[in-house]
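Residue numbering for the sequence shown follows this note's numbering, starting at 1 and increasing by one per position. Every residue gets a Cβ at the ideal spot worked out from N, C-alpha and C, and that includes glycine.
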Amino acid sequence: IFLSRQEGAAIRAAAPRYPMLRDALARARATVDAAIAKPTDVPPPGEAGGYAHERHKQNYREMQLAGELYRITGQPKYAHFVRDMLEKYAVLYPTLGAHPLSKNQAPGKLFHQSLNEANWLLATAIAYDCVIDALTPAERARFEKNVFRPMADWLSVTQAHEFDRIHNHGTWATAAVGMIGYVLRDSAYVHRALYGTTGDRTGGFLRQLDLLFSPDGYYMEGPYYIRYALMPFFHFAEAVERNDPGVKIYQYRDQILKKALYAAMQGTYPNGVFVPINDASRTMDITSPEAIVALDLAYARYGANENLLGLAAIQRDVVLSGAGVAVARDMAAARATPQAHWPSVEFRDGPEGKDGGLGILRAGRGDSATMLLMKYGVHGQGHGHFDKLHFVFYNGGREVVPDYGFSRWINVEPKFGGRYLPENDSYAMQTVAHNTVVVDSATQSNGNEKADEAKAAQRHYFHGTDGAVQVMSAKADGFYDGVGMQRTMFLLRDARLPYPVVVDLYRLRSQGAHQYDLPLHFRGQLVTTSAKYDAHVKEQRALGGRAGYEHIWGEADGTVVGPFQLTWLDGNRYYTWTSAATPGATVILGRTGAGDPNFNLISEPLAILRERGAGSHLFASVIEPHGYFSEKEERSADARPAITGVSVLASTDEGSVIEVRGKGGLVWVVMTTNGAPSATATHRIEADGRTYSWTGNFAVHGLQPAR
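Following this line, the structure appears as C-alpha cells:
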C-alpha cells in the first residue's frame, strides 16, 4: 500500500548517492534502533497530551518506520519490533471500551477521540503491510482478530456518523479503514472507505474529495487543516492507485489531489509557515510529516516541479518510498538549491467554487518578499472563525499584521488536557480577534456557526499580475443586520519607496447609525502615534463584556485630531499605519489577556480605530514598511514614514476615490469600483468640483514605476 519490495531495494541502492534519502534513512534507523533498545510499552489509555497518549503516538510512528526499514534492509529485527509491539496491543485492545476521557469528542479506545485512533491505524497498516511476510499465520490471525478488525469496525460501524462526516476526521477514518482493508484483502472495508457506510457515496473518501475542496483545490477548513488532512488523502490515494488503478484516483475530479497540494503549498508564507487562518497553529510549517508525505507523492505522481523542489529544500527530508527517491534524486542533481516562488493567486471557495474565496498578493523575493492575504470564503465548519474580509500581511521575513490562530496549547496536558481552550470560542473565533471591521461590538452572524455556514462572502474582482499594482476586492453582506461591507486591498510598488505598500479601502453601507471598530493587530513595539491619548497606567479594564472584547485590556484611548498614524517596530523594520480617520474618531490601544484567569491567551498588542455614523462610511488606510533597525549595531534609519496622509475624496455606490500623500511630492490617486465589476466599463465621479474617471475595476494615478 506504500512501499514495495522493489522500492525497498531501490532505496537501499540509491541512498549512498542521494544525500536527502541517505539522511532520511539514517534518521529512521536511529529512531527505531533506539526504540528497539528500550522495553516495549503499551500503556492503558490516558489523557490527551499525557504520557499514554504520546506513547501510543510514538508507538505507531516507530512501527511504521520499522516496517519500512524491514522492507528496505531485510533485517529481521525491524519486523520483530513490529511483531512484539502488536502482540501487546493484541492483549490490551480487546479489554478496552470507549475512552473514559473523551469529553465532547467521538471517542476512540486507545485515544480520547476516534481521530487519533484513525491516525494509529493508518500508520500501523503501513507497518503491517511491510512485515506481514515475516509473521506466522497464527500471529497474523491474532493481530487481525484482536486489533485491526475491531479497530476498523469501531471507526466505521460504531462511529459511523464520524466516518461519514465530511470533515478531516472523516478523511482520516476512511483512509485508515481503506488501507487496512487492502492489507487484509477485505473488499468490504475498501468499499466502505471509498463510498461510505451506506455505499451510496453520501459519505466515504470520494465524497470527501467532492465536498471539502473547491474546484481550485482550496480546502474549506484552511491551510493548517489541509496540511493535516494531506496525509490521509495522499496515503489512501497511493494505496488505491496501487491496488485499484481502475478508480484513477489521481485523476479524480480533474486531478483534485494535485490542486489540493498546490493550493496548500501556496497557502504558506515565504518562510514555509502555513498561513494561520481559522483554527491554526502560528508556527506549523511545511517541515511537518504530513506535508513531506504529500509533497513527495504529488511530485512522483504528477511530475517534477521547481516550486515543489524549492519547498523540499526547506523540508530537507523525504519519505522512505519510491516517491522519496524521486525527490531526493532530483535534489541531488540540482546545480543550485531550488527556491519556490509562487505567483499571486486567488482560490475560489466552496465545492462548486461559488462561495467567495481567498486572495493572495505577492511581491519581491528574499528580504523584500511581501505577501498580503484576504479571506472572503466560507466559515470553515467547526474550525472556522467569524472573520469575513479579514487580512494578514507578511513582510521582512515576518508576519507583521498577524492572525491570532487558535487558542490552544496543543497536547500540553496541564493546559485543559491539551485540547482547544475555552478562549478559542470566547476570543480566537470572535471577529475582534481579526483585522476586519466589528459592527456595534458584536461578532459576525452573532457568533452563530450554523447561520454563518449558511452564507459566504463574495469575490468582487482580483488582479494579481506581478506588477506595480495588484489588487483584490470582496463583499460580505448579511453578516451584520442591515450592514453591507466591501473591502478592496491594493499592494502597490513605487520606485520612491523601498518596499511594497498596502492600501486598504473598507466601505460600510447601512441605513441606521452604527459603531464601527477597525482593529489592527501587530507585533513588536509601539514607537509612536499621532493620536492624543490617555494611558491607563494605574488601572486597566476590559473593553467590553462579550464578543471577545472581554479579553482585551484597554491600555489607552484617545481622539484623532488630524491625520492618524501609528508606527511600530518589528524585527529590523518599522511599519506605519496611516488612516483617513474622521476628526473626533476614537483610537484605542489594547492588549489581549483580560478575562483570562488561567493565562491561556497570548498577550499581544492591537489598535482599534472607532468611528460612528450612518449611511456610507469608508475606512481608508495605508500600511507602509520603512527604515531599518539593528540592536547590535545600535543603528536606526528612516524610523519615520514617507507616507504623510490619506484623504477620502469620494465614496459612492459607483466607486471610491482616495488620495495618498507623501514626502518628496508623492501623490497617489487610488480609485476602485463599488458597483458591478467590469474590466471595460468606464466610471466617473464628481466630488468637490473635480471629476475622477477610470476604465475597468480600478486605477492608480501618480505611481512612479520602478526602472
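Gln315 and Glu633 have their alpha carbons spaced roughly 32 Å apart. Residue pairing from DSSP places Gly558 in a beta bridge opposite Tyr533 and Val587. At least 7 Å separates the beta-carbon of Met179 from that of Ala123. Note that the C-beta distance between Leu361 and Gly464 is below 7 Å. When DSSP states are grouped into helix, strand and coil, Gln159 belongs to the coil group.
In this structure, Gly484 lies away from Lys455, with their beta-carbon atoms at least 7 Å apart.
Here Tyr51 is exposed: its Cβ has fewer than 16 other Cβ atoms, across all protein chains shown, within 10 Å.
If you draw a straight line from the Cα of Gln159 to the Cα of Ala118, it is about 11 Å long. For Arg612, the three-state secondary structure derived from DSSP is strand.
DSSP, reduced to helix, strand and coil, places Gly595 outside both helices and strands of the structure shown, so it counts as coil. Annotated three-state conformation of Leu520 is strand, per DSSP. Asp41 and Arg27 do not touch by the CB rule: their CB atoms are close to 22 Å apart, not below 8 Å. Residue pairing by DSSP puts Phe629 in a beta bridge opposite Ser636. Thr488 sits buried, since 16 or more C-beta atoms from the chains shown fall within 10 Å of its C-beta. In terms of Cα proximity to Arg661, the closest of Thr673, Glu654, Ala642 and Asp653 is Ala642.
Assignment of Phe391 by DSSP, reduced to helix, strand and coil, places it in the strand class. In terms of CA proximity to Glu449, Lys388 leads the group Phe416, Asn305, Lys388 and Ile410. Following the DSSP letters along the chain, one finds Trp577 inside the beta strand (DSSP E) bounded by residues Arg573 to Ser579. Annotation for Gln255: the continuous alpha helix (DSSP H) segment containing it runs Tyr252 to Gln266. No Cβ-Cβ contact shorter than 7 Å links Tyr195 with Asn146. Distance from the CA of Met231 to the CA of Lys415, rounded to the nearest whole angstrom, comes to 27 Å. Closest by C-alpha distance to Glu62, out of Val190, Ala193 and Arg83, is Arg83. Partner residues in the beta bridge of Ile658, as assigned by DSSP, are Val648 and Val670. Residue burial is scored here from C-beta neighbours: Asp153 has fewer than 16 other C-beta atoms within 10 angstroms and is therefore classed as exposed. In its chain, beyond the 5 residues on either side, Gly272, Ile314, Gln315, Arg316 and Asp317 have a beta carbon closer than 8 Å to the beta carbon of Thr287. As DSSP reads the structure, Met472 sits in a beta bridge with Phe462 and Met489.
Between the alpha carbons of Ala312 and Ala363 lies a gap of roughly 22 Å. With contact defined as three or more Cβ pairs closer than 8 Å, the region 377 to 396 and the region 237 to 257 are not in contact. Only buried fits Phe233, as 16 or more other CB atoms lie within 10 angstroms of its CB.
Counting C-beta pairs closer than 8 Å gives fewer than three between the region 127 to 147 and the region 160 to 174, which falls short of the contact rule.
Residue environment analysis places Ile1 among the buried positions, since at least 16 neighbouring C-beta atoms fall within 10 angstroms of its C-beta. By the 16-neighbour rule on beta-carbons within 10 angstroms, Ile410 is exposed. Between the alpha carbons of Ala24 and Ala106 lies a gap of roughly 35 Å.
Under the rule that a run must span 3 or more residues, no beta strand (DSSP E) segment is found entirely inside the region 11 to 60. Cβ neighbours of Phe143 within its own chain (closer than 6 Å, five residues either side excluded): Leu86 and Ala90.
Per DSSP, Lys450 lies in no beta strand (DSSP E); the unbroken alpha helix (DSSP H) holding it starts and ends at Glu449 to Glu453.
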